[in-house]
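Peer 1: In our numbering, the protein residues as written are 11 to 432.
Built from N, CA and C at the ideal position, the CB exists for glycine as well.
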Amino acid sequence: MPATAIVGTQWGDEGKGRMVDLLAAQADAVVRFQGGANAGHTIINDLGKFVFHLLPSGMLSPHTVNIIGTGVVVDPERLVEELTKLQGAIAETGRLIISDRAHVVLPFHRQIEEALDQSPKTLKYGSTKRGIAQAYQFKAAKVGLQVGELLADEGTLRGRLEPAVEFANIFFRGLSAPETTVDATLEYLRPFIPKLRPYIANPLPTIRRLIAEKKQILVEGQLGTLRDLDWGIYPFTTSSNPIAGFASVGAGVPPKEITKVLGIVKAYSSCVGEGPFVSELSGDLAEKIREVGKEYGAATGRPRRIGWFDVVATRHGAQVQGATSLCVTLLDVLSCLDTIGVCTRYRIDGNETDDFPVYHDLTKAEPVVQAVPGWSVPITGIRKLEDLPKEARAYLDLIESSVGVPISHVSVGPSRDQIIYI
C-alpha cells in the first residue's frame, strides 16, 4: 500500500496529531520525520488527553509500529518524560524505534539558545528555547552527536563529545557566558541512556519490510509549511523542513512510496511566535476565538496569535506540500461567530496580489478580507456533510475552491469520532 504524508499547510498547530491518531487505527506504522520537542501534537481519545512532542502520534494505536526518524533531533530528557507518562496507558515495548542516526539535543544547545535570546544584539524569533536550532546547527557543522552513539562505551562517547563541547564553548566565549565541559555533558546523559537503549536501532530494515509487505505507513510532520526553513517566512522559521518532500530523507521512506499527501488546514489562522501574520486579529474577537479554540501552544503554553483564514498563505502551503487532499480542522470553533472573514488576497504598496511573497514584502502586506455568513449553531454532533448548516458548507466550498485542493475530512471537535468524511 502507498505511504501517506500528514503535514501542516499553515504555521503549525493545525491539528495534525489528532488526524494521525485517527488514521493510525488503519495504519501499520507511523514515522515522525523532522523537528524536535519544540512543538506538540495534542490527542484526545478514549485513553485520555496526550501531548506528544517527540513520540509519533500513532503510539496510542496498540498494533502500530512508531518510528522517530533520522530527521528528528531527540531531546533525551523530554523523550524519557513522554515515555514515562505513556506507561500505564498503553505498552510501548516492541512498538517504538528511535533511529540511531537521529541527532541528540544536548544541554548546551539549550544554554546557547538562552544566551542568544538574552543578548540585545540578536534578532528574536519567538524561540521555544528547546535547543532545536542549535542541534541542527551542530549537525550541519559535523560536530553533532547521533542517537546511536549514546550506546558506545564511555571512552568513545567522550571522544565524540569533545569537538561538540569545544564548538559550544566558542559560542559561550563570544556571548560572555559560562563554558561547559565534557564531564558535565556525560553526567547529564548517563541516567537517560539505559532508558532509551531498548528503542535505539536502525529503522531501515523495518521500513523496507513494511514496504515489501505492502503495509500502510503514515509519515508525520511537525509544524507547517510557513515554518519551513526554505519555503516558510524566513527567518521566522523552524530549523528543519516540515515538507512532505523531506519525508523521504527524514523518515527513510523512498519518494515513490509516498503517493498521498494529506494537508491539514485550520478553519481559521493561528500562529505561535514572531513574524508577519497578515490576517491577524486583535481585541475581543481574537480573544473569543482563542478561548473557544483553546489556542495555547502545546509546547510553551503561550497564547497563539489568531487571524482569519488566509487563502494566500494556505494555498502556498498546500502547493509546496503537494497536497492531494485537505483536512479542515476546528470548523466547530467558528460556530461562535455570526460573520466570518476570509483573507483572499494581499495588498502591497497599493497593488493586490494572490502570490505569497518573501519576508520584506510580507511585512508591508495588508489583508483583503471577504466577509461571509457564519452559522452560529453547534456542529460538534454532525457526522455528514449534508447535515452541516448551509453557511458552513459554503465556507468549506470557499476554502476548497480557493486553495485548489479537494477536502477529504472535516474535524468538528477534538475527539476521534468528531470527524466528517467526504
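Grouping DSSP H, G and I as helix and E and B as strand, with all else coil, what is Ser109?
Peer 2: Within the sequence shown, residue 109 is the residue found at index 99, counting from 1. DSSP places Ser109 in strand when its eight states are reduced to three.
Peer 1: For the region 277-361, list the beta strand (DSSP E) runs that are entirely contained and at least 3 residues long, ordered along the chain.
Peer 2: You should have 279-281, 315-317, 335-339, 349-358.
Peer 1: For the region 30-48 against the region 81-89, are there 3 or more C-beta pairs whose distance is under 8 Å?
Peer 2: Touching, yes, given that three or more Cβ pairs across the two stretches are closer than 8 Å.
Peer 1: Per DSSP, Lys270 is paired with what?
Peer 2: Here residue 270 is taken as the residue at index 260 of the sequence shown, counted from 1. According to DSSP, which records beta bridges pairwise, Lys270 is partnered with Thr14.
Peer 1: Quick check on the burial criterion: 16 or more other C-beta atoms within 10 angstroms. Buried or exposed for Lys26?
Peer 2: Position 16 of the sequence shown, counted from the start, is the residue given in the question as residue 26. The residue is buried, with at least 16 neighbouring Cβ atoms inside 10 Å.
Peer 1: Going by DSSP, which residues form a beta bridge with Arg42?
Peer 2: Translated into positions along the sequence shown, residue 42 becomes position 32. DSSP, once it has assigned bridges, lists Ile78, Glu230 as partnering Arg42.
Peer 1: Would you grab the beta carbon distance between Ser411 and Ser335 for me? Rounded to a whole angstrom, and I think it's under 8 Å.
Peer 2: The residue you call residue 411 lines up with position 401 of the sequence shown. The residue you call residue 335 lines up with position 325 of the sequence shown. That belief does not hold up - the Cβ atoms of Ser411 and Ser335 are roughly 14 Å apart, past 8 Å.
Peer 1: Using three-state DSSP, classify Thr247 as helix, strand or coil.
Peer 2: The residue labelled residue 247 in the question sits at position 237 within the sequence shown. Thr247 falls in the coil class under three-state DSSP.
Peer 1: If you draw a straight line from the C-alpha of Ile243 to the C-alpha of Asp163, how long is it?
Peer 2: As a first step, residue 243 must be located in the sequence shown, where it is residue number 233. As a first step, residue 163 must be located in the sequence shown, where it is residue number 153. C-alpha separation (whole angstroms): 43 Å.
Peer 1: Per DSSP, Val115 is paired with what?
Peer 2: Numbered from 1 along the sequence shown, position 105 holds the residue referred to as residue 115. According to DSSP, Val115 bridges with nothing at all.
Peer 1: I need the DSSP call for Val84, collapsed to helix, strand or coil.
Peer 2: Here residue 84 refers to the residue found at position 74 of the sequence shown. Of the three classes helix, strand and coil, the one that applies to Val84 here is strand, per DSSP.
Peer 1: In the structure shown, what three-state DSSP assignment does Gln97 receive?
Peer 2: On the sequence shown, position 87 is the one that residue 97 refers to. Three-state result, Gln97: coil.
Peer 1: State the beta-bridge partners of Ser421 as determined by DSSP.
Peer 2: Position 411 of the sequence shown, counted from the first residue, corresponds to residue 421. Its beta-bridge partners are Ile429.
Peer 1: How close, in whole Å, do the beta carbons of Thr354 and Gln380 come, if the pair is a contact with beta carbons under 8 Å?
Peer 2: Numbered from its first residue, the sequence shown carries residue 354 at position 344. Numbered from its first residue, the sequence shown carries residue 380 at position 370. So it is a contact: roughly 5 Å between Cβ atoms.
Peer 1: Throw me the rounded Cβ distance for the Thr349 and Gly384 pair, which I believe falls under 8 Å.
Peer 2: For the purposes of this step, residue 349 is taken as the residue at position 339 of the sequence shown. For the purposes of this step, residue 384 is taken as the residue at position 374 of the sequence shown. Contact holds; Cβ gap of about 6 Å.
Peer 1: Classify Tyr431 as buried or exposed, calling it buried when 16 or more other Cβ atoms lie within 10 Å of its own Cβ.
Peer 2: Here residue 431 corresponds to residue number 421 of the sequence shown, with the count starting at 1. With fewer than 16 Cβ atoms within 10 Å of its Cβ, Tyr431 is classed as exposed.
Peer 1: Opposite Val275 in the DSSP bridges: which residues?
Peer 2: Here residue 275 is taken as the residue at index 265 of the sequence shown, counted from 1. Paired residues: Val338.
Peer 1: Out of Gly360, Lys374, Ile253, Tyr405, which one is the CA nearest neighbour of Phe319?
Peer 2: Your numbering for residue 319 matches position 309 in the sequence shown. The residue with the shortest Cα to Cα distance from Phe319 is Tyr405.
Peer 1: Can you give the Cα-Cα distance for Phe202 and Ala187, rounded to whole angstroms?
Peer 2: As a working mapping, residue 202 is identified with position 192 in the sequence shown. As a working mapping, residue 187 is identified with position 177 in the sequence shown. Approximately 26 Å, taken between the alpha carbons.
Peer 1: Could you tell me the distance, in whole angstroms, from the CA atom of Thr324 to the CA atom of Leu344?
Peer 2: Position 314 of the sequence shown, counting from 1, holds the residue named residue 324. Position 334 of the sequence shown, counting from 1, holds the residue named residue 344. Using only the alpha carbons, I get a separation of about 18 Å.
Peer 1: For Glu189, collect the residues of the same chain with a Cβ closer than 6 Å to its Cβ; drop the 5 residues on either side in sequence, then sort them by chain order.
Peer 2: Taking the sequence shown and counting its residues from 1, the one referred to as residue 189 is at position 179. Excluding positions up to five away in sequence, the list reads Asn179, Phe182.
Peer 1: At a cut of 8 Å, does the region 158-177 reach the region 194-213 through at least three beta carbon pairs?
Peer 2: They touch, by the three-pair rule.
Peer 1: Does the distance from the CB of Asn76 to the CB of Arg111 come in under 8 Å?
Peer 2: The residue labelled residue 76 in the question sits at position 66 within the sequence shown. The residue labelled residue 111 in the question sits at position 101 within the sequence shown. No, Cβ-Cβ distance for Asn76 and Arg111 is not below 8 Å.
Peer 1: Quick check: what's the CA-CA separation for Leu291 versus Glu223?
Peer 2: By one-based count along the sequence shown, residue 291 stands at place 281. By one-based count along the sequence shown, residue 223 stands at place 213. C-alpha separation (whole angstroms): 49 Å.
Peer 1: Could you give the distance in angstroms between the alpha-carbon of Gln398 and the alpha-carbon of Val322?
Peer 2: Against the sequence shown, residue 398 aligns to sequence position 388. Against the sequence shown, residue 322 aligns to sequence position 312. Gln is not the amino acid found at residue 398; the sequence shown has Leu there. Cα to Cα, the separation comes out at about 26 Å.
Peer 1: At what residues does the alpha helix (DSSP H) containing Ala174 begin and finish?
Peer 2: Within the sequence shown, numbered from 1, the residue matching residue 174 stands at position 164. Counting along the chain, the alpha helix (DSSP H) containing Ala174 begins and ends at 164-184.
Peer 1: Report yes if the C-beta distance between Gly307 and Arg315 is below 8 Å; otherwise report no.
Peer 2: Here residue 307 corresponds to residue number 297 of the sequence shown, with the count starting at 1. Here residue 315 corresponds to residue number 305 of the sequence shown, with the count starting at 1. Contact: no.
Peer 1: Strictly by DSSP, which residues pair up with Glu3?
Peer 2: Past the boundaries of the shown model lies residue 3; the chain is included only from 11 to 432, so the question cannot be answered.
Peer 1: Looking only at DSSP bridge pairs, what is Thr363 linked to?
Peer 2: What you label residue 363 is simply residue 353 of the sequence shown in a count that begins at 1. The partner list for Thr363 (beta bridge, DSSP) reads Tyr356.
Peer 1: Out of curiosity, what's the CA-to-CA distance linking Gly260 and Ala254?
Peer 2: Working through the sequence shown from its first residue, we reach residue 260 at position 250. Working through the sequence shown from its first residue, we reach residue 254 at position 244. Their backbone Cα atoms lie some 10 Å apart in a straight line.
Peer 1: Indicate whether Val90 and Lys205 have their beta-carbon atoms separated by less than 8 Å.
Peer 2: Locating residue 90 in the sequence shown gives position 80, counting from the first residue. Locating residue 205 in the sequence shown gives position 195, counting from the first residue. Yes, these two residues count as a Cβ contact at 8 Å.
Peer 1: Just to confirm, is the Cβ distance from Phe366 to His326 under 8 Å?
Peer 2: For the purposes of this step, residue 366 is taken as residue 356 along the sequence shown, with counting starting at 1. For the purposes of this step, residue 326 is taken as residue 316 along the sequence shown, with counting starting at 1. Yes.
Peer 1: With a CB to CB cut of under 8 Å and the five nearest residues on each side skipped, what residues in its chain are close to Ala39?
Peer 2: Locating residue 39 in the sequence shown gives position 29, counting from the first residue. If we look at Ala39 and ignore the five residues flanking it on each side, its Cβ neighbours are Gly68, Thr74, Val75, Asn76, Ile77, Thr216, Ile217, Leu220, Lys225, Gln226, Ile227, Leu228.
Peer 1: Give me the Cα-Cα distance between Thr247 and Lys139, rounded to the nearest whole angstrom.
Peer 2: Mapped onto the sequence shown, residue 247 falls at position 237. Mapped onto the sequence shown, residue 139 falls at position 129. The straight-line gap from Cα to Cα measures roughly 14 Å.
Peer 1: List, from N- to C-terminal side, the alpha helix (DSSP H) runs of 4 residues or more that fit wholly inside the region 190-229.
Peer 2: As far as the region 190-229 is concerned, its whole alpha helix (DSSP H) runs of at least 4 residues are 192-199, 203-206, 214-222.
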